Each structure stands twice: as C-alpha cells, then as structure tokens.
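S.K.:
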Amino acid sequence: MRKKIVAGNWKMHKNAEQTEDLLNELIAKLPTVSEAQVIVAPTFVNLASAVAHLEFTTIEVAAQNVHQAESGAFTGEVSADMLKSVGVNYVILGHSERRAIFKETDALIANKVDTALKHELTVIFCFGEELKDRQTGNHFNVVENQLTDGLFQIEKESWANVILAYEPVWAIGTGETASPEQAQEMHEFIRETVRKAFGKEIAEEVSILYGGSVKPENAKEIFSKADVDGGLIGGAALKADDFVAIVTAI
Ligand code: 13P
9 MRKKIVAGNW
19 KMHKNAEQTE
29 DLLNELIAKL
39 PTVSEAQVIV
49 APTFVNLASA
59 VAHLEFTTIE
69 VAAQNVHQAE
79 SGAFTGEVSA
89 DMLKSVGVNY
99 VILGHSERRA
109 IFKETDALIA
119 NKVDTALKHE
129 LTVIFCFGEE
139 LKDRQTGNHF
149 NVVENQLTDG
159 LFQIEKESWA
169 NVILAYEPVW
179 AIGTGETASP
189 EQAQEMHEFI
199 RETVRKAFGK
209 EIAEEVSILY
219 GGSVKPENAK
229 EIFSKADVDG
239 GLIGGAALKA
249 DDFVAIVTAI
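For the sequence shown, the residue numbers in our numbering are 9 to 258.
#1: If you compare alpha carbons, which of A168, G238, Q154 and T66 is closest to S104?
#2: Check for me: the beta strand (DSSP E) holding N169 runs from which residue to which?
#3: Which of helix, strand or coil does DSSP assign to I162?
#4: What first and last residue would you give for the beta strand (DSSP E) that runs through A58?
#5: Curious, which full-length beta strand (DSSP E) runs of at least 3 residues does the segment 77-129 contain?
#6: Quick one: give me the first and last residue of the beta strand (DSSP E) that V48 is part of.
#7: Quick one: what's got a C-beta closer than 8 Å to E175's C-beta in the same chain, skipping five residues either side?
#8: Given a cut-off of 7 Å, decide if L31 and H61 are closer than it, judged by their beta-carbon atoms.
#9: Pop quiz: V48 and G95 are said to be a contact at Cβ under 8 Å. What is the actual Cβ separation, rounded to whole angstroms?
#10: In whole angstroms, what is the alpha-carbon distance linking A234 and G181?
#11: Suppose the cutoff is 7 Å on Cβ atoms and the five residues either side in sequence are ignored; what does the same chain contact list for E33 look like?
#12: Given this structure, state the Cα-to-Cα distance separating I162 from N73, to the nearest angstrom.
#13: Work out the CA separation of T144 and A58 for me, nearest whole Å.
#14: With a threshold of 6 Å (Cβ to nearest heavy atom), would L30 be considered close to the ligand 13P?
#15: May I ask you to check if the CB of I241 is nearer than 6 Å to at least one heavy atom of the ligand 13P?
#16: Can you check whether the CB of S87 is closer than 7 Å to the CB of S93?
#17: Just reading off the alpha helix (DSSP H) that V146 is part of, what are its end residues?
#18: Beta carbon of N153: closer than 6 Å to some heavy atom of the ligand 13P?
#19: Drop a sphere of 10 angstroms on the beta-carbon of M194, count the other beta-carbons inside from all chains shown, and report buried for 16 or more, exposed for fewer.
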C-alpha cells in the first residue's frame, strides 16, 4: 500500500524561536500513531535545529531547495551533502515559486533531482499548471511536460525516493482550492502518465500529494479521493492546530 503523507512547506516564515515553538506545539498535538508520514520544511537556517528537536519523533524534515552542484563557488547556495550532514532526508524541488520567481527551468530542476537522489535525499517533486493553462484546456499537457522534462530522466530504482506533489498554481495561497473532483481527475492522469513511462508497479506505489489552499475545512474531502495520497500544505502549516487537523483528516 502506498504511503499517506502530509508535508508542511513553511516557505520564508518562522525565525529560530518561532520554529522551535511551532515544532513543540506539533510534538504535543500530533497523534503519536498516525497513518500519515508527517514532514516539515523550515528554512535552511533552522534545519539543523529542527532535526535535533525532532530526533525522538516520527516527524521528518525537508529542505525547500538544494543546489545541483556537489560544491564550489556558488555564493549563497546549499549542497545536498550539507543537507544530509545535518540529518535532512527530504527536499522539495520544482515548487512553482522557484519556477516563477527564481526562474528555475525544467532542465535545472532535473539536474537538482539527480543530485538530490544521488545523495539519497527523497525528492518531493512539485509541478502544476497556471490558471491560463487550465482556462485554455492545456493543463494536462503542461503537467505531462513538467514530469517528462524535470523528473522522468531518473532510473526506475529511484522511484522509491520520489514523492509527487501536484500544486495547481492558481490554487496556491489564493484561498481557491481545486475541487476534490478536479484534484482526483489530475491525480489519476498523473498516475497514468507514470504508468506509461515506468510501469504499473511504480505508478501504484508512488504517493501523489495535492497542494494549494488545503485547510482543515477541505482536507477530508480532498484526501478521500482515490488517487490523492496526502497534501503539501503552505499557509495552514504555519499554525499547529490547523496542520494537526489536516494530518488527522487523512
Ligand atoms: P498554500 O497551502 O498556502 O496554498 O500553499 C501551498 C504550497 O505552495 C505548498 O507548497
């Protein structure tokens, strides 16, 4: 059975003290036994302390980015080896904010994916169409191309370390969520796209998360869909009560 996962992408929020406070609240309030793997992604500077803080819990820590090179003169960047060395096991790649604001291309994301997998980081691979793509009926094409050009270069064996996160750009931070039916329709298409390229077994095993304005009020209905295996949560991951409610909705 494939894994249920709820991940919180904290983006550029929470300083050191606020990170510790939120983690403490999560440790206190999250159910000790849960069907879902919980992952949190604080900013780079708070990753090491988060790992230390969560040592005796089942909560995992993700980075929000990684550089594609092993090391070198890349002022301001962080390598996969550095992440592993502080105990980080996951990395979010391909997020629409990285694509849109920081101009990350599919080719660059593919490079980052390869580097991350080489260092045994599990990749949370984000992708999703913009509003104009959906309005023109091009959303399936866009998603297929993002998968093909950013991810499908990996070896079959690497799929055990890949989580997919479908995040329609028009639903991120807007309060507008894809309807459960829209999410299911796209997730089914994504699984079929993986099946065509890598076979049934991998397609059935890979967890596909939905992201975009998931809240306690809508989580249960979205998570109830057959091909939705959890969520990648932005705004609602910054409040312990909301995040816990979303985790328990699974
Ligand atoms: P929101 O939940 O704030 O819409 O953000 C989703 C997201 O971008 C998670 O990566």
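C-beta atoms are modelled at their ideal positions from N, C-alpha and C, and glycine is treated no differently.
Fair warning: this is a prediction, and the values are worked out from it, not measured in the lab.
M.R.: The structure says:
#1: Q154
#2: Counting along the chain, N169 falls outside any beta strand (DSSP E), and DSSP gives it neither H nor E.
#3: When DSSP states are grouped into helix, strand and coil, I162 belongs to the coil group.
#4: For A58, no beta strand (DSSP E) segment is defined; the enclosing uninterrupted segment is the alpha helix (DSSP H) at L55 to H61.
#5: 98-101
#6: A44 to A49
#7: H103, S104, C134, F135, G136, Y218, G219, G220 and L240
#8: yes
#9: Going by Cβ atoms, the distance from V48 to G95 rounds to 13 Å, so no, they are not a contact pair.
#10: 25 Å
#11: A248
#12: 18 Å
#13: 43 Å
#14: no
#15: yes
#16: Taking the C-beta atoms as reference points, S87 is found no nearer than 7 Å to S93.
#17: According to the sequence as given, residue 146 is Asn; it is not Val. N146 -> no alpha helix (DSSP H), and no H or E assigned at all.
#18: When distances are taken from the beta-carbon of N153 to the heavy atoms of the ligand 13P, even the shortest one reaches 6 Å or more.
#19: buried
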